[in-house]
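2 protein chains.
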Amino acid sequence: MKLYDGGRAPNPRRVTIFLAEKGIDIDIVPVDMGKLGHKSEEITARNPLQRLPVLELDDGTILTESVAICRYIEALHPEPNLFGKNPLETAQIEMWNRRMELNFLGSVTAVFRHTHPAMRDWEVPQVPEWGEANRSRAVDFLTLLDGELAERDYIAGDRFTIADITGIVGISFMKPAKIELPAHLQNVRRWHEAVSARPSVKG
Amino acid sequence: MKLYDGGRAPNPRRVTIFLAEKGIDIDIVPVDMGKLGHKSEEITARNPLQRLPVLELDDGTILTESVAICRYIEALHPEPNLFGKNPLETAQIEMWNRRMELNFLGSVTAVFRHTHPAMRDWEVPQVPEWGEANRSRAVDFLTLLDGELAERDYIAGDRFTIADITGIVGISFMKPAKIELPAHLQNVRRWHEAVSARPSVKG
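Going line by line, the protein sequences match chains S and W. The first sequence begins at 1160 in the numbering used here and counts up by one. The second sequence begins at 1160 in the numbering used here and counts up by one.
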């Protein structure tokens, strides 16, 4: 199988960190999103939504949506486990991964896409007021998360999971979105320092 | 276990349709979202994000996020299968469920929350321009879906899954969002007529 990868963009990066955590090497086809490679014929034929990443299996079957791709890889390579080992843990990890997506990564992305001048041709119409509204949403959610991380080491429990990966790419994407991580969120900072040291994230 | 339910709102409804498809009866605690019951102390203590539904297990463990709740119920009651029977099918269903959420249900919800006068105190700030931008996104996605449904009977393949449930609540929510289903989307209409006749949806 091969992965059409979008490099440093948040969703492609979720999958490449996931693969690195699993210790799996697969064929990577780099797509330059800066040159709108995700809107090329090559990608559009595989994903009419023109988004990355796209996983193509050897028989030509296509999978899109980062978390669907990760869940497929988890089923083929169960260890280390990143989605949960029993029904309750699996549900709690999905709950936290979705909370991180919907309340945090989604908000950071909205700030970037709706306020950054470089996004003017990508996000049409760009609605700066919507972008700005998401700035406080992202920080409000991190404040809630800080209270949770006072009680445990990782986002969904006592070990690293896909929910942490979503958190990592969200924190990184705050930089281009020009959102500061408030200094007083000590537990989020401690968590972020710890997960940033992982080879999958540094690499 | 018991489910704090928000009635006709899209996400609570996803879980109650899912339970009906499974043929499972669980204790339901109705919460009146019209009276802001989701912001009550009772719910906030269980879900600081003040959203419904909330599943409370007998030992007090809390699960939120509709799809996490549904996946937990699927693990306890595997039949009829609504999330996939093998790694590839499971990934394809997740892909379609997420496409339906991110491109369709999410857009319909944004139209409603950002343009409906009744939402002025719920969605602060209400950004009508963002609401309007989502109107065409929802219809564009349905147009793409119409092409897909020319080839198959259900959203993720040849049988009913959670992706259809997300589609059903999205179509229903177009009414309060004042989005019309274009008459020429014959395949979407055929699909919607078929799934609407299911006892889980009619009930």
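Backbone N, C-alpha and C define an ideal beta-carbon position, used for all residues, glycine too. All figures in this text were calculated on a predicted structure; none of them were measured in a lab.
Under the three-state reduction of DSSP output, Tyr1313(W) falls in the coil class, being neither helix nor strand. For Arg1230(S), a Cβ of chain W is located within less than 7 Å of the residue's own Cβ. For the segment 1286-1299 of chain S, the set of positions with a beta-carbon nearer than 7 Å to some beta-carbon of chain W reads Val1286, Glu1288, Trp1289, Ala1292 in chain order. The C-alpha of Gly1219(S) lies about 47 Å from the C-alpha of Arg1279(W). Following the DSSP letters along the chain, one finds Lys1161(S) inside the beta strand (DSSP E) bounded by residues 1161-1164. Residue-level contact by beta carbon holds for Glu1253(W) and chain S, with a gap shorter than 7 Å. Any Cβ of chain W closer than 7 Å to the Cβ of Arg1257(S) would place that residue at the interface, and such an atom is present. Between Leu1214(S) and Leu1162(S), the C-beta spacing is below 7 Å. Using beta-carbon distances, Leu1222(S) counts as an interface residue toward chain W, with a partner under 7 Å. Think of a sphere of 8 Å around the beta carbon of Leu1235(S): the chain W residues whose beta carbon falls inside it are Pro1246, in chain order. Here DSSP, grouped into helix, strand and coil, assigns Thr1320(S) to coil. By the Cβ test, the segment 1288-1308 of chain S is in contact with the segment 1342-1360 of chain S, since at least three Cβ pairs between them sit closer than 8 Å. Restricting attention to beta strand (DSSP E) runs no shorter than 3 residues, the segment 1170-1215 of chain S encloses them at 1186-1189, 1213-1215, ordered along the chain. DSSP places Ile1221(W) in the uninterrupted beta strand (DSSP E) bounded by 1221-1223.
At the C-beta level, Trp1289(S) and Val1286(W) come within 7 Å of one another. Judged by DSSP secondary structure, Phe1300(S) falls within the alpha helix (DSSP H) whose first and last residues are 1287-1307.
Proximity of chain W to Asn1170(S) at the Cβ level (cut-off 9 Å) is not reached, the minimal Cβ distance being about 11 Å.
At a beta-carbon threshold of 7 Å, the residues of chain W lying near Ala1227(S) are Ala1250, Glu1253, Met1254, Arg1257, ordered along the chain. A distance below 8 Å between beta-carbons, with the five flanking residues on each side excluded, links Ile1338(W) to the following residues of its chain, in chain order: Val1267, Val1270, Arg1294, Ala1297, Val1298. Taking a contact as a CB-CB distance under 8 Å, the pair Ile1314(S) and Ala1322(S) counts as one, their CB atoms being some 4 Å apart. In terms of Cβ geometry, Ile1187(S) and Asp1217(S) do not form a close pair [threshold 7 Å]. Per DSSP, Trp1281(W) lies in no alpha helix (DSSP H) segment and is marked neither H nor E. Taking C-beta atoms as the reference points, Thr1325(W) and Met1254(W) fail to come closer than 7 Å. For Leu1303(S), a Cβ of chain W is located within less than 7 Å of the residue's own Cβ. Here Thr1320(W) really is in contact with Ile1252(W); their C-beta atoms are around 5 Å apart, less than 8 Å.
For Phe1271(S), the enclosing alpha helix (DSSP H) has its first and last residue at 1265-1274. Only those residues of the segment 1204-1220 of chain S whose C-beta falls short of 9 Å from the nearest C-beta of chain W are listed: Pro1207, Leu1208, Leu1214, Leu1216, Thr1220.
Taking CB atoms only, Pro1284(W) has a neighbour in chain S less than 7 Å away. Around Ser1225(S), the same chain offers Asn1170, Arg1173, Val1174, Pro1212 as residues with beta carbons nearer than 7 Å, after the five sequence neighbours per side are excluded. DSSP places Phe1242(S) outside both helix and strand once states are collapsed to three, so it counts as coil.
Judged by DSSP in its simplified three-state form, Ile1338(S) adopts coil rather than helix or strand. Short of 8 Å from the beta carbon of Ile1185(W), and not among the five residues preceding or following it, lie these beta carbons of its own chain, in chain order: Met1160, Lys1161, Leu1162, Leu1178. Straight across, the Cα-Cα distance linking Leu1222(W) with Ala1250(S) is about 7 Å. Only buried fits His1197(W), as 16 or more other CB atoms lie within 10 angstroms of its CB. Considering only Arg1230(S), Pro1239(S), Ile1228(S), the residue with the shortest C-alpha distance to Arg1318(S) is Pro1239(S).
For Asn1346(S), the enclosing alpha helix (DSSP H) begins and ends at 1345-1355.
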